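Presented below is the structure to which this report refers.
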DNA sequence: TCGTAAGCGAGACGGTACGTCGAGTCTTGCT
DNA sequence: AGCAAGACTCGACGTACCGTCTCGCTTACGA
């Protein structure tokens, strides 16, 4: 998280409840209007809070949005005993998170902002990495089971698994259904295995 | 392109020169300041044009930016006689276009906007598809040469090739160098081949 | 009248019909929307004429409006054989012209403009003086009949007769009815007579 | 005055200082450039205030100007012990206020606006009536001293006194000097007395 | 138990940009 | 040349949203 200043111990302490209400309102409005349509006044109103209260905790709208996103539940790590199934489920969960529904546009908005604002970039990084963690677990388990080569570069593997879906969501705008996810996952796995055998 | 209304032959015609100046100025400022830092007044000034003239042609800043991007040169189709080299070059070109430098944040900004504005979405679609065209040519040539299976789904293939790079640019913010591009391209090709053999 | 330049004899001559249509449209729109709400585009549309055609004949909106007003019919000179009746009728006619109805705000608008624009001032002067002419006739007849002293300053007399009505119309916004007009006219006449006797 | 809404005691109160600065700047610029040349941006700059702050208090430029005028100092009530002198001084003061100098065009501009905007009309009314108050005092004193008949209609009397001067200022554009004022005042008084004797 | 340092709601404020409007000029093709 | 149509410049308008500041009040800790 990223509260502006660590609550000093003198004076009236900041209400934890308030912070939660703000983040929740942010998330809801983010979902409804997208980042570009996100209004701080509205967040304040929905959260039943005043603007200064918001700015006492987060230095800017972007930071707030980023923090709200960080709070999103991490993906749960599936375990069907089968690599492909696990990965398909993970990609689908990710899709559900910000790909399918109205959250779709937060990610690009944040990406846009990051290009100009390295400070924010650093802030968001960890949250995004967290979302990728379950992929690592699943992939490692795949390696242990011998379904994947041990020389695997995990980072590249995740990019490969997630990339096609993201391309559709963020760029082409094409629909992503289960069949598509399964296909791309299968090809990625096959590619990773094939390459490892060569080198 | 997307001029607000198709110029009828009556009255003083819209100066084509003016449109070009506006688009060029937009592109230049987009490159320098990014989409978030793009100012219509400034475009007007740089283009030597008045604000109303801009708004007579494009309904909003986003539409203008989208149109300016559409005007970006299409990727040239490389032909080294080698599938992998061709694809690596294509992906790298794409990266150079909006992935690397200051144009980086236009794409996400547009992506963000599209989610809310289907009209704009329709506008952008073709331009994006055009950028993908050279991939299709190269892939088809690969099939002809027998480097790729003929059952290949071209759309999926392009997603697979481009997706990892995009993921880094738009989401994780990690650096994309030539080695990375080559690796992901190689894996994708291998995967596409491997899968075809199975089914 | 004030055509911008006297029609040159070479080339196609200006249509007299056109000028009339413009002035008529101006007058109509002036009546409906007042001077502040007068739009040149609208005049052009109503007159079935293009904007440049208007500006070829009048150098500005104000000049056009002034010209349109000049075209208003002069007050007819009443002759009831009775000074008071004649003056009451004249003041009432003036009131009807621009005091009562929607033309009410042209006069002040012109007045406002005159303060800044002496050229226009000169233009309007004569038209206004023309409207006052019948007063002079009636007053002179009154002098001849011995109803008024011969030493009378006519200009001051007209101001005195017209002023109270104008004050209500332009400044206080109070209603002006026949009774009010008759009262002020009667007092003015009495004052003019009384003063003449003193000096 | 006419602040957009009566300031409630909740939240940060509107700075009275700010309002004063805006009105003062308005008045100054009004005097320098006239109403037609009045620019809101400039008012903001001169007042050291932002445009939204202005529009938070007054719904439009006209309302602001009207309010600024309302703030003009009321005429002081002279007392030379002589009716005519008092009235001449009052009319001259009025002339100085908006008749002589650059404020001349505000009054007509407001008059023009009032015709279309009854809300504004209501706003201005009181201010104008206030300016007339000293006339009432002086006239009443004249009645007490027996210089004027007690049956006098004060409203009509003021119109009579002020009307001629206004006619010149707003309509004919003729010069108004002391001699003119004295003459019209004298005639008006004489008329008022003469009429009273008759009835 | 009370003072004091903060939290807080409400909303004013400066700043910066937006998109729009209207006046008056310019350009094209036709008459 | 005149003219219709409409593009164009210029300059201003009124609005939106951000992030900060200022009130008056409330809350909790610590002397």
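Chains as they are written, first to last, in this note's numbering: chain Y, 833 to 1031; chain G, 833 to 1031; chain W, 833 to 1031; chain A, 833 to 1031.
Every residue gets a Cβ at the ideal spot worked out from N, C-alpha and C, and that includes glycine.
Here the structure is a predicted model, which means the values were calculated and not measured.
Residue i, buried or exposed, once every other Cβ within 10 Å from all chains shown has been counted against 16
i: residue 897(Y); result: buried
i: residue 1023(W); result: buried
i: residue 921(W); result: buried
i: residue 963(G); result: buried
i: residue 1009(G); result: exposed
i: residue 958(G); result: exposed
i: residue 1030(Y); result: exposed
i: residue 912(A); result: exposed
i: residue 1013(G); result: buried
i: residue 880(A); result: exposed
i: residue 945(G); result: buried
i: residue 996(G); result: buried
i: residue 899(G); result: buried
i: residue 864(A); result: exposed
i: residue 844(Y); result: exposed
i: residue 839(W); result: Confidence at residue 839(W) is low in this model, with a pLDDT of 47, below 50, so its placement is unreliable and the value that follows should be read with caution. Exposed, since its Cβ has fewer than 16 Cβ neighbours within 10 Å.
i: residue 847(W); result: exposed
i: residue 943(A); result: buried
i: residue 891(A); result: exposed
i: residue 905(W); result: exposed
i: residue 889(W); result: buried
i: residue 1000(Y); result: buried
Beta carbon proximity, residue i to chain W, threshold 8 Å
i: residue 1019(A); result: yes
i: residue 973(A); result: no
i: residue 943(A); result: yes
Below-8 Å beta-carbon distance, residue i vs any chain A residue
i: residue 1027(W); result: yes
i: residue 1023(W); result: yes
Extent of the continuous alpha helix (DSSP H) to which residue i belongs
i: residue 895(W); result: 893-902
i: residue 1003(W); result: From DSSP, residue 1003(W) is part of no alpha helix (DSSP H); its letter is neither H nor E.
i: residue 913(W); result: Neither: residue 913(W) is in no alpha helix (DSSP H) and is coded neither H nor E.
i: residue 871(Y); result: Run containing residue 871(Y): none; DSSP gives neither H nor E here.
i: residue 1015(A); result: 1010-1030
i: residue 1094(A); result: The shown model of chain A, from 833 to 1031, leaves out residue 1094(A), and the question about it has no answer.
i: residue 888(Y); result: 883-889
Below-8 Å beta-carbon distance, residue i vs any chain Y residue
i: residue 946(G); result: yes
Short CB-CB distance (under 8 Å) between residue i and chain G
i: residue 868(Y); result: yes
Proximity test, residue i beta-carbon vs the ligand MG heavy atom, cut-off 7 Å
i: residue 921(Y); result: This structure lacks the ligand MG, and indeed carries no ligand of any kind.
> When you check each C-beta in the stretch 983-1015 of chain Y against every C-beta of chain G, which residues fall closer than 7 Å?
Replying inline: 988, 991, 992, 994, 995, 996, 998, 999, 1000, 1002, 1003, 1004, 1005, 1015
>> Using a Cβ-Cβ cutoff of 9 Å, what residues of the stretch 951-962 of chain A are near chain W? List them in chain order.
In response: Cβ contacts with chain W: 953, 956, 957, 960, 961.
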